[in-house]
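Shown next, in structure tokens, is the structure this report addresses.
Protein chains: 2
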Amino acid sequence: VLEVRDVQKTYQVGDDIVVHALDGVSLQIRKGDFIAIIGPSGSGKSTLMHSIGLLDHPTSGEVLVGGTDVTKMAENELARVRNKEIGFVFQAFNLLARTTAIENVELPLIYAGVSATERKERAIEALKRVGLGERLDHMPNQLSGGQQQRVAIARALVTEPSIILADEPTGNLDSKSGIEVMAFLQELHKSGVTIVLVTHDAHVALHAARVVRIADGKITQDYFNKDG
Amino acid sequence: VLEVRDVQKTYQVGDDIVVHALDGVSLQIRKGDFIAIIGPSGSGKSTLMHSIGLLDHPTSGEVLVGGTDVTKMAENELARVRNKEIGFVFQAFNLLARTTAIENVELPLIYAGVSATERKERAIEALKRVGLGERLDHMPNQLSGGQQQRVAIARALVTEPSIILADEPTGNLDSKSGIEVMAFLQELHKSGVTIVLVTHDAHVALHAARVVRIADGKITQDYFNKDG
Ligand SMILES: Nc1ncnc2c1ncn2[C@@H]1O[C@H](COP(=O)(O)OP(=O)(O)OP(=O)(O)O)[C@@H](O)[C@H]1O
Ligand SMILES: Nc1ncnc2c1ncn2[C@@H]1O[C@H](COP(=O)(O)OP(=O)(O)OP(=O)(O)O)[C@@H](O)[C@H]1O
Ligand SMILES: [Mg+2]
Ligand SMILES: [Mg+2]
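If you read the sequences in order, they're chains G and P.
Residue numbers for the first sequence follow our numbering, beginning at 186 and rising by one.
Residue numbers for the second sequence follow our numbering, beginning at 186 and rising by one.
Below, the structure is given as structure tokens:
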């Protein structure tokens with residue numbers, strides 16, 4: 186359903202430093218997969234997620250959606266696929282600053298053309314699911330770190346995407362809230378959603394069906410958990 | 186060395202919502218303590234850290250530094266104490282955006298009046314300690330989440346403060362980097378530094394000498410680990 190083939194992502198810093206954030210990465214994500222991506226800080230996990238999530242074009246290599254090379258797609262078609270099919274939870278949340286929690290969560294539904302009444306209802310529902318029913322009108326700077334993270338999660342789920350890409354979704358959550366989020370994702374996975382998570386949490390990696398390990402911009406392991 | 190007495194922190198949201206982020210908190214931090222603050226998302230940990238760190242005035246209650254009520258101190262004296270004695274690692278890092286890693290780490294030394302040559306030397310040393318010797322000239326948006334977190338840690342340590350307040354310093358780090366940071370903090374603690382950490386990591390809480398648990402803006406437990 187999503188695939189990257191021999192992807193390179195290179196950055197230039199100043200005049201003389203070249204960083205190979207991704208150095209020849211190939212990964213096939215099948216419908217219904219539950220993948221945990223693990224690896225050291227700086228190894229390329231977020232960069233890989235941005236390529237898979239169609240948010241960033243690689244320096245070289247191909248990205249395919251349902252078998253079609255995305256570079257052959259028109260920009261508005263790509264944006265439509267992103268909005269309709271993919272829910273992305275950013276490592277730094279990326280919430281709009283002067284926008285309340287409920288407005289932040291409604292945003293992808295506005296883009297999808299959903300009516301105002303239905304939008305509000307679904308945004309409230311999503312925020313209640315992550316335990317933020319009493320923080321609807323708070324701005325991001327009026328929320329704790331873990332609350333901001335949960336708004337980002339609610340926003341990624343509100344369009345009911347078929348693919349969820351979550352970059353360290355429990356990094357700022359206490360173990361109880363983290364367990365609730367993981368249970369929520371497991372539920373969605375059972376109902377057919379494809380899930381790719383970046384995580385530093387060994388427990389999370391143990392519960393994923395498949396584990397992909399990355400180091401220095403390369404995939405070093407790609408295996409299925411026996412019981413996952 | 187630092188103390189909060191019956192501190193309340195209340196926020197008003199909109200016209201009708203009142204949030205009691207801290208609801209009568211008293212905590213004495215003794216010289217040489219190693220304290221882990223744990224509790225659910227939204228329970229008041231970051232708010233408590235901002236009060237202890239002299240970054241925020243409580244709505245009521247007292248904050249004392251070395252026995253002196255800070256409300257009796259002049260603002261510039263308070264700023265001097267903060268800069269000289271306290272190193273603060275923020276949950277959201279709070280790095281300056283258009284400033285390189287090394288410049289971000291030099292900032293507290295500029296305020297402290299350290300010479301340019303010594304500043305640069307100490308900033309490079311601090312960044313090397315957290316494994317970022319090859320990222321000195323990167324801007325925050327050219328760094329991974331865990332790398333930004335480590336720049337924030339380096340910045341908090343570069344003034345060699347007597348008190349380190351770290352709000353979830355390993356939240357974005359893989360277990361190996363997280364272990365290195367904790368080993369670094371343990372080393373500093375052995376050399377006499379007072380450490381207060383907010384953490385969601387049960388392992389970190391196990392290694393602290395003292396654990397303070399907070400829920401709904403109140404301290405519910407304050408105990409010493411037998412072996413800690
Ligand atoms: N400026 C503000 N205005 C209104 N409410 C606020 C504000 N800042 C924080 N709060 C509320 O105060 C409570 C405590 O926030 P705090 O950031 O201290 O929590 P925390 O324990 O650090 O949580 P986390 O583990 O998620 O980081 C939260 O419920 C939050 O919504
Ligand atoms: N815009 C950029 N310019 C230069 N280098 C960059 C840029 N963005 C990322 N990098 C570098 O690319 C590498 C991979 O970054 P990435 O954010 O993918 O790491 P990560 O595996 O997500 O790390 P973490 O676990 O710390 O979040 C890092 O070494 C980082 O310094
Ligand atoms: Mg990352
Ligand atoms: Mg917090």
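Each residue gets a CB set at the ideal place from its N, CA and C atoms; glycine is no exception.
Since we're looking at a predicted model, the values are computed, not measured.
Status (buried if at least 16 other CB within 10 Å, exposed otherwise) for residue i
i	result
residue 235 (chain G)	buried
residue 237 (chain P)	buried
residue 385 (chain G)	buried
residue 349 (chain P)	buried
residue 326 (chain P)	exposed
residue 295 (chain G)	exposed
residue 282 (chain P)	exposed
residue 329 (chain G)	buried
residue 355 (chain P)	buried
residue 250 (chain G)	buried
residue 215 (chain G)	exposed
residue 213 (chain G)	exposed
residue 406 (chain G)	exposed
residue 312 (chain G)	buried
residue 391 (chain P)	exposed
residue 199 (chain P)	exposed
residue 357 (chain P)	buried
residue 353 (chain P)	buried
residue 279 (chain G)	exposed
residue 277 (chain G)	buried
Residues sharing a beta bridge with residue i, DSSP
i	result
residue 190 (chain G)	G:247
residue 408 (chain G)	G:396
residue 497 (chain G)	Past the edges of chain G, shown from 186 to 413, lies residue 497 (chain G), and the structure says nothing about it.
residue 384 (chain P)	According to DSSP, which records beta bridges pairwise, residue 384 (chain P) is partnered with nothing at all.
residue 333 (chain P)	The partner list for residue 333 (chain P) (beta bridge, DSSP) is empty, contrary to what the question assumes.
residue 213 (chain G)	G:188
residue 278 (chain P)	According to DSSP, residue 278 (chain P) bridges with nothing at all.
residue 349 (chain G)	G:272, G:380
residue 219 (chain G)	G:380
residue 232 (chain P)	Note: residue 232 (chain P) sits in no beta bridge, so no partner.
Minimum C-alpha distance to residue i - residue among the options
i	options	result
residue 344 (chain G)	G:292, G:372, G:388, G:246	G:292
residue 252 (chain P)	P:186, P:266, P:231	P:186
residue 310 (chain G)	G:403, G:267, G:336	G:336
residue 370 (chain P)	P:277, P:388, P:342	P:342
residue 366 (chain P)	P:379, P:339, P:375, P:347	P:339
residue 387 (chain G)	G:225, G:209, G:189	G:225
residue 203 (chain P)	P:353, P:194, P:393, P:278	P:194
residue 393 (chain G)	G:406, G:287, G:221	G:221
residue 269 (chain P)	P:315, P:217, P:347, P:288	P:347
residue 275 (chain G)	G:372, G:197, G:209, G:240	G:240
residue 323 (chain G)	P:227, P:247, P:372	P:227
residue 401 (chain G)	G:277, G:223, G:219	G:223
residue 378 (chain P)	P:217, P:207, P:188, P:209	P:217
residue 285 (chain P)	P:191, P:308, P:272, P:403	P:308
residue 208 (chain P)	P:197, P:201, P:188, P:229	P:229
residue 399 (chain G)	G:190, G:189, G:233, G:191	G:233
residue 210 (chain P)	P:201, P:397, P:197, P:189	P:189
residue 244 (chain G)	G:272, G:205, G:219, G:374	G:205
residue 382 (chain G)	G:351, G:396, G:201, G:197	G:351
residue 411 (chain P)	P:271, P:395, P:201	P:395
residue 248 (chain G)	G:192, G:289, G:267, G:290	G:192
residue 376 (chain G)	G:219, G:353, G:196	G:219
residue 231 (chain G)	G:197, G:273, G:246	G:273
Residue i at chain A interface by Cβ criterion, 8 angstroms
i	result
residue 353 (chain P)	The question asks about chain A, but that chain is absent: this structure's protein chains are G and P.
Residue i: CB within 7 angstroms of a non-hydrogen atom of ligand 6
i	result
residue 343 (chain G)	Of the ligands one can find in the structure shown, namely ligand 1, ligand 2, ligand 3 and ligand 4, none is ligand 6.
Does the count of Cβ pairs from the region 313–330 of chain G and the region 294–304 of chain G closer than 8 angstroms reach three? Not touching, per the Cβ criterion.
Does the region 262–273 of chain G come into contact with the region 358–374 of chain P, if we say contact requires no fewer than three beta-carbon pairs (one atom in each stretch) closer than 8 angstroms? With the cut-off at 8 angstroms, the region 262–273 of chain G and the region 358–374 of chain P do not touch.
So, does the region 324–336 of chain P touch the region 238–257 of chain P, judging by three or more C-beta pairs under 8 angstroms? These segments do not touch.
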